[in-house]
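Protein chains in written order, with our numbering: chain V, 1 to 345; chain U, 346 to 690.
Don't be surprised by glycine CBs; every beta carbon is placed ideally from N, CA and C.
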DNA sequence: CTGAAAGCGCTTACAG
DNA sequence: CTGAAAGCGCTTACAG
């Protein structure tokens with residue numbers, strides 16, 4: 001293992017100057033810096049982040065703590081999250097650590113252990129609930145953390161999709177096309193983003209002076225299976241919806257399945273809009289007819305998350321920052337006017 | 346942050362003795378040790394593993410490096426692996442780090458960075474290919490690593506299921522029931538475990554003096570969808586199999602789907618055996634009729650992996666160890682004699 | 001059984 | 001622009 005001392009010996013430059021030369025400090029003679037750099041390169045020097053961590057209190061490790069007992073639908077999305085976050089974190093020169101605990105109850109204990117004893121600089125929280133005990137725990141102890149998602153107070157670093165706008169835009173798109181019986185396949189009801197999207201959809205209604213019952217909101221897991229089942233159930237009811245809002249691309253897939261099953265064609269018999277997180281496995285391109293969506297890339301969200309994280313762990317307890325990502329409305333061929341008694345209730 | 350120095354001041358015991366008392370060394374007066382322990386507890390002391398790491402060269406961090414471009418079927422299993430491994434590692438007092446790189450090519454670079462500069466003690470490798478460049482890379486540099494799975498040479502720490510026995514036992518079970526037209530739904534053909542299982546099945550044949558064509562091996566992803574499709578295809582062919590071997594529970598599910606679709610009943614029309622990794626999402630209990638399986642818990646494999654890892658990173662470059670897990674044959678109601686011309690070719 | 005001392009590899013005031 | 005020195009929190013010979 002090559003150390004600064006080795007480079008110092010090799011070049012005859014003092015340890016102090018070697019450190020400063022490599023650290024990019026301005027008060028080093030350019031010639032000295034070059035000699036040091038060359039030697040570092042030649043010897044294959046790699047800075048020891050452990051030693052640096054001991055001295056500065058910053059190791060560059062950030063962690064995410066998850067319980068092992070996540071349900072099946074959570075698992076599917078969780079891996080994508082982990083991969084996306086890990087990549088984004090690496091690109092910011094930090095290192096990402098995934099730590100699994102046996103149950104939800106052990107999460108806060110793991111925070112303590114990793115932060116005070118494990119050289120972890122800060123934590124990433126996702127899938128926030130309200131109220132979330134993790135948030136208050138970390139806040140009390142002034143342990144740096146960044147959240148994907150938000151809660152009502154949100155006095156902390158967070159990145160989130162503007163879910164209100166998502167609900168508003170998707171509902172608005174259908175209402176403006178003339179639909180007055182709409183089914184909204186939303187996420188689980190204890191998730192904050194679900195209620196925020198519902199609120200956005202409600203706003204679209206009140207802005208247009210349309211009755212609240214126009215949109216029926218159904219909460220549940222955002223899977224293809226549920227999309228199909230819920231769509232079939234409602235489309236077979238006495239007053240079937242003329243349009244559906246799907247919370248993500250998996251639900252939208254399920255709705256296409258249901259339409260095929262019931263012999264309904266999109267958009268003439270049924271209009272559909274959805275939100276697209278731009279996940280590789282569920283590309284928007286796969287839909288025929290093309291799907292009208294609000295779009296916001298999750299991987300961009302991870303990138304923002306990493307940026308905020310590097311700010312959050314800065315030594316001089318920094319100003320809290322937020323990023324609210326605005327979805328883009330992308331037109332598609334999946335929306336038409338309601339057939340028949342279109343504009344009627 | 347509470348340090349040994351604080352405890353030393355609090356108790357009047359020297360720093361050296363405080364360290365030794367907490368470290369569990371025998372040459373410390375029991376009374377002294379108690380006083381130190383009590384103070385540590387009271388002050389909320391947490392050993393700083395960064396400092397310890399700098400001194401001893403051991404941080405207790407072990408890492409797994411994965412490329413971000415894993416395919417869909419790989420993702421599904423990968424998350425379970427990560428969770429299982431992470432848990433097992435934690436239970437051994439080590440800390441697990443998942444590091445994602447953009448492509449396969451970056452994996453070895455990440456090894457260097459994490460080992461020489463990042464305070465990582467060792468690596469976990471899974472999903473081995475043959476030959477696997479990661480193995481030679483780590484071996485050359487004498488970087489500690491432990492493998493789940495094995496290759497032909499295997500001059501390194503590894504844990505693996507005895508896949509030869511799996512193939513042998515499953516094929517043997519069906520052959521002994523009288524089946525002579527067997528379809529083996531195996532894993533991807535570039536995986537070592539797939540070919541090892543095939544070899545085991547071949548051995549079952551030769552041991553009984555039965556012709557090799559008796560078992561047809563089909564390679565592919567081990568998903569429910571493929572299980573269904575492949576089973577339907579073969580069951581509809583001119584000479585349909587009277588029994589099927591499924592490489593895992595997902596494939597077995599698919600075969601049950603296929604049987605239901607074709608109106609075949611298990612075991613009277615079709616016998617089925619499978620290998621069960623004891624994954625929570627794919628429980629063996631869900632099958633009706635109950636499934637005859639070879640069983641070996643993956644979580645036990647992770648536990649062994651963690652044990653080996655703690656040995657592999659020991660300072661005095663230790664003896665290489667292997668664990669080959671023996672599957673258990675669990676009977677079920679999914680196997681019967683072939684109907685009609687049972688014992689004929 | 002105990003404690004003073006050196007040192008892991010780095011950073012950073014401080015004094016030239 | 002440069003270098004000697006202290007110190008981050010721990011471990012571990014070494015000498016009592």
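**Boundaries of the alpha helix (DSSP H) in which residue 142(V) is found, first to last residue** = Residue 142(V) -> no alpha helix (DSSP H), and no H or E assigned at all.
**Asked** For residue 407(U), which residues of its own chain have a beta-carbon under 8 Å away from its beta-carbon, when the five flanking residues on both sides are left out?
**Response** 434, 439, 440, 441, 442, 465, 466, 467, 468, 469, 654, 658
**Straight-line gap, residue 45(V) to residue 22(V) (C-alpha atoms, nearest Å)** = 11 Å
**Prompt:** Would you call residue 432(U) buried or exposed, if buried means 16 or more other Cβ atoms sit within 10 Å of its Cβ?
**Reply:** buried
**Prompt:** Between the C-alpha atoms of residue 302(V) and residue 325(V), what's the straight-line distance to the nearest angstrom?
**Reply:** 11 Å
**Asked** Is residue 298(V) helix, strand or coil by DSSP?
**Response** helix
**Message:** Excluding the 5 residues flanking residue 596(U) on each side, which residues of the same chain have their C-beta closer than 6 Å to its C-beta?
**Reply:** 530, 567, 572
**Asked** In whole angstroms, what separates the C-alpha of residue 500(U) from that of residue 656(U)?
**Response** 15 Å
**Message:** residue 240(V) and residue 334(V) - do their beta-carbons sit closer together than 9 Å?
**Reply:** no
**Request:** Return no unless some Cβ of chain V is closer than 9 Å to the Cβ of residue 444(U).
**Result:** yes
**Request:** Could you name the residues of the same chain whose beta carbon sits closer than 6 Å to that of residue 373(U), not counting the 5 residues immediately before and after it, in chain order?
**Result:** 365, 366
**Message:** So if I threshold CB-CB distances at 8 Å, which residues from the stretch 41-57 of chain V count as touching chain U?
**Reply:** 46, 47, 48, 49, 50, 51, 53, 54
**Request:** Closer than 9 Å by beta-carbon distance: list the chain U residues that pair up with residue 142(V), in chain order.
**Result:** Under the 9 Å cutoff, chain U gives no residues; its nearest Cβ is about 12 Å from residue 142(V).
**Item:** chain U contacts from the stretch 111-140 of chain V (Cβ-Cβ distance under 8 Å)
**Value:** 112, 113, 114, 116, 117, 118, 119
**Asked** Helix or strand or just coil, what does DSSP make of residue 328(V)?
**Response** strand
**Item:** Interface residues of chain U facing residue 102(V) [CB-CB closer than 8 Å]
**Value:** 432
**Prompt:** Is residue 246(V) near residue 217(V), with beta carbons less than 9 Å apart?
**Reply:** no
**Request:** Kindly list the residues whose CB is nearer than 7 Å to the CB of residue 635(U), restricted to its own chain and excluding five residues on each side of it in sequence; keep chain order.
**Result:** 677, 678, 679
**Message:** Suppose the cutoff is 8 Å on Cβ atoms and the five residues either side in sequence are ignored; what does the same chain contact list for residue 527(U) look like?
**Reply:** 516, 519, 520, 559, 560, 561, 586, 587, 588, 589, 590
**Prompt:** So residue 441(U) is in the beta strand (DSSP E); what residue range does that whole segment cover?
**Reply:** 440-446
**Asked** Along chain U, in chain order, which residues have C-beta atoms closer than 7 Å to that of residue 68(V)?
**Response** 428, 432
**Asked** Relative to the C-alpha of residue 460(U), which residue among 409(U), 609(U), 476(U) is closest?
**Response** 409(U)
**Prompt:** Can you list the residues of chain V that residue 440(U) reaches, using a CB-CB cut of under 8 Å?
**Reply:** 97, 99, 114, 118
**Request:** Using alpha carbons as the reference points, say which of 661(U), 376(U), 582(U), 632(U) lies closest to residue 605(U).
**Result:** 632(U)
**Item:** Residues of its chain near residue 17(V), where Cβ-Cβ distance is below 7 Å and the 5 sequence neighbours each way are ignored
**Value:** 28, 32
**Message:** Checking 9 Å against the spacing of the C-beta atoms, do residue 412(U) and residue 451(U) come in under that value?
**Reply:** yes
**Request:** Quick one: grab the DSSP three-state call for residue 67(V).
**Result:** strand
**Own chain residues within Cβ distance below 7 Å of residue 339(V), not counting five before or after** = 268, 269
**Message:** Give me the chain U residues within the contact set of residue 253(V), using Cβ-Cβ distance strictly less than 7 Å, ordered along the chain.
**Reply:** The contacting residues do not exist; residue 253(V) stays about 14 Å from chain U at best.
**Request:** Helix, strand or coil for residue 424(U), going by three-state DSSP, please let me know.
**Result:** helix
**Beta-carbon proximity of residue 503(U) to residue 511(U), cut-off 9 Å** = no
**Request:** Report the residue from 494(U), 498(U), 493(U) whose alpha carbon sits nearest the alpha carbon of residue 481(U).
**Result:** 498(U)
**Item:** Candidates 148(V), 39(V), 189(V), of which the one nearest residue 3(V) by Cα
**Value:** 39(V)
**Asked** In the stretch 518-558 of chain U, which residue ranges form an unbroken beta strand (DSSP E) of at least 3 residues, counting only runs that do not cross its ends?
**Response** 527-530
**Request:** Excluding the 5 residues preceding and the 5 following residue 110(V) in the sequence, name in chain order all residues of the same chain whose CB lies nearer than 7 Å to its CB.
**Result:** 65, 99, 101
**Request:** Can you tell me which of 194(V), 204(V), 50(V) puts its alpha carbon nearest to the alpha carbon of residue 359(V)?
**Result:** Nothing can be reported for residue 359(V): it is not among the residues displayed for chain V, which extend from 1 to 345.
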